[in-house]
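Enquirer:
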Amino acid sequence: MTPAEILRGACDMHVHSGPALVARGVDHVEAVRACAEAGMRALVIKDQHVPSGNIAQIVQKYFVKEEENFNVYGGLILGNTQGGINPAVVEAAIGYDTKIIWMPVLSSQYHKERTALMNAAATSTLPKPKYPLKFNPPQTILDSCGKLLPEVCDILQLIADADIVLATGHLNPKTEIPPLLDEAVKRGVKKIVITHPEFFKDHSLEEMRAYSDAGFYVEHILATIYSKKQTYDDLYQLIAEGGEHVIISSDLGQVGRPNPVVGLTAFIEEMQKRGMSDETLRRIMSVNQRKLLNLEPLAD
Numbered sequence: 640m641t642p643a644e645i646l647r648g649a650c651d652m653h654v655h656s657g658p659a660l661v662a663r664g665v666d667h668v669e670a671v672r673a674c675a676e677a678g679m680r681a682l683v684i685k686d687q688h689v690p691s692g693n694i695a696q697i698v699q700k701y702f703v704k705e706e707e708n709f710n711v712y713g714g715l716i717l718g719n720t721q722g723g724i725n726p727a728v729v730e731a732a733i734g735y736d737t738k739i740i741w742m743p744v745l746s747s748q749y750h751k752e753r754t755a756l757m758n759a760a761a762t763s764t765l766p767k768p769k770y771p772l773k774f775n776p777p778q779t780i781l782d783s784c785g786k787l788l789p790e791v792c793d794i795l796q797l798i799a800d801a802d803i804v805l806a807t808g809h810l811n812p813k814t815e816i817p818p819l820l821d822e823a824v825k826r827g828v829k830k831i832v833i834t835h836p837e838f839f840k841d842h843s844l845e846e847m848r849a850y851s852d853a854g855f856y857v858e859h860i861l862a863t864i865y866s867k868k869q870t871y872d873d874l875y876q877l878i879a880e881g882g883e884h885v886i887i888s889s890d891l892g893q894v895g896r897p898n899p900v901v902g903l904t905a906f907i908e909e910m911q912k913r914g915m916s917d918e919t920l921r922r923i924m925s926v927n928q929r930k931l932l933n934l935e936p937l938a939d
């Protein structure tokens, strides 16, 4: 199959379009129109600082043609500016047909600790708001005894009841993610995504494969290709050895980087050069995402 044929029907569950507090190179309408015109099936807007369910509905109504069979969905990061670890915010977001709830990202304690250890070159590619945020304390999902906050448990129950996606965000892989996954499974969350575990290089390939084998979906992203944190060879290995529950997201929209369609097309071309099968590409770009977003299966 050609890259264009593989891209048809695909879903991108991690797009940083704008306007946003972080400067963006593509706006919501531009991203959506590019994906819809490429014949993709869905896109999830991930804004670092505000919920995106309402803007997704507006873009869907006015900029997607009915015959395109394309869905625009919103997401919610449980960061400081979005209300933090707050079940009320999650409940409202679900009312806007939000499909993914991310645990804290830029405001997470672990993210702040890890980025503080990076050199200037590495941190220069990280998202930054247009002006410093005064009210941005480090967040953790654990209490002083190392247990999950009660609000986290309430949020997990809301996610389970709505049958939407829980994503791990930028949590500590040793102290925060394990109890979160245990409680999520206990409460009946069926759709769990491990957010780009290669980002901070704090997961081994064996750990990623264990997540996949346990039924969690392991997300890999293209943004790190453009920030030179990993190569296409690295990405190929993560996919080839990662098991059945792998998904690819663009994580694109940044200034100076390609739009999601261009990035995903380049990814397909690079994986085909390395011998990746069409079946694998369709599984990690379409089949798994459709399950997570409760969309119809990919047609043969």
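So in this note's numbering the end of the sequence shown lands on 939, straight run, no missing numbers.
All C-beta atoms, glycine included, are put in the ideal place defined by N, C-alpha and C.
All of these numbers come straight from a predicted model, not from anything done at the bench.
(1) Assuming Ile-831 and Ala-823 are in contact, meaning their beta carbons sit under 8 Å apart, how far apart are those beta carbons, in whole angstroms?
(2) For the beta strand (DSSP E) holding Met-847, just list the boundary residues, first then last.
(3) In or out: Cys-650 buried (at least 16 other Cβ within 10 Å) or exposed?
(4) Given a threshold of 16 other Cβ atoms within 10 Å of its Cβ, counted over all protein chains shown, does Ile-697 qualify as buried or as exposed?
(5) For Asp-890, is the classification buried or exposed, using 16 other Cβ atoms within 10 angstroms of its Cβ as the cut-off for buried?
(6) In this structure, what does DSSP give as the bridge partners for Ser-888?
(7) What residue range is occupied by the uninterrupted alpha helix (DSSP H) comprising Lys-825?
(8) So, is Glu-706 buried or exposed, given that buried needs 16 or more other C-beta atoms within 10 angstroms?
(9) Tell whether a beta-carbon distance below 7 Å holds between Thr-711 and Ala-731.
(10) Roughly how many angstroms separate the alpha carbons of Ala-681 and Ala-643, rounded to a whole number?
(11) What are the complete alpha helix (DSSP H) segments, minimum 4 residues, inside the region 777 to 806?
(12) From which residue to which residue does the alpha helix (DSSP H) around Ile-907 run?
(13) Any idea which residues DSSP pairs Leu-682 with across the strands?
(14) Go through its chain and collect everything with a Cβ distance to Gly-892's Cβ below 6 Å, but skip five positions before and after it.
(15) Could you spell out the range, first to last residue, of the beta strand (DSSP E) harbouring Ile-694?
(16) Check the C-beta distance from Gly-713 over to Ser-691 and give it rounded, since I have them as a contact under 8 Å.
(17) Within a Cβ cutoff of 7 Å, which residues of the same chain sit near Val-828, ignoring the five residues on either side of it in sequence?
(18) Here's a check: name, in chain order, each residue in its chain whose Cβ is nearer than 8 Å to the Cβ of Leu-903, leaving out the five neighbours to either side.
(19) Give the secondary structure of Gly-734 by DSSP, where H, G and I count as helix, E and B as strand, and everything else as coil.
Expert: So, from the data block:
(1) 6 Å
(2) No beta strand (DSSP E) contains Met-847, which is instead part of the alpha helix (DSSP H) from 844 to 852.
(3) buried
(4) exposed
(5) buried
(6) Ile-860
(7) 816 to 825
(8) exposed
(9) Just to set this straight, residue 711 is Val in the shown sequence, not Thr. Not in contact: Val-711 and Ala-731 (Cβ atoms no closer than 7 Å).
(10) 16 Å
(11) 789 to 801
(12) 899 to 912
(13) Asp-651, Val-711
(14) Val-654, His-655, Ser-656, Arg-663, Val-665
(15) Ile-694 -> not in any beta strand (DSSP E); alpha helix (DSSP H) instead, spanning 692 to 702.
(16) 4 Å
(17) Leu-795, Ile-798, Ala-799, Leu-805
(18) Leu-646, Ala-649, Asp-651, Leu-861, Ile-887, Ser-889, Met-924
(19) helix
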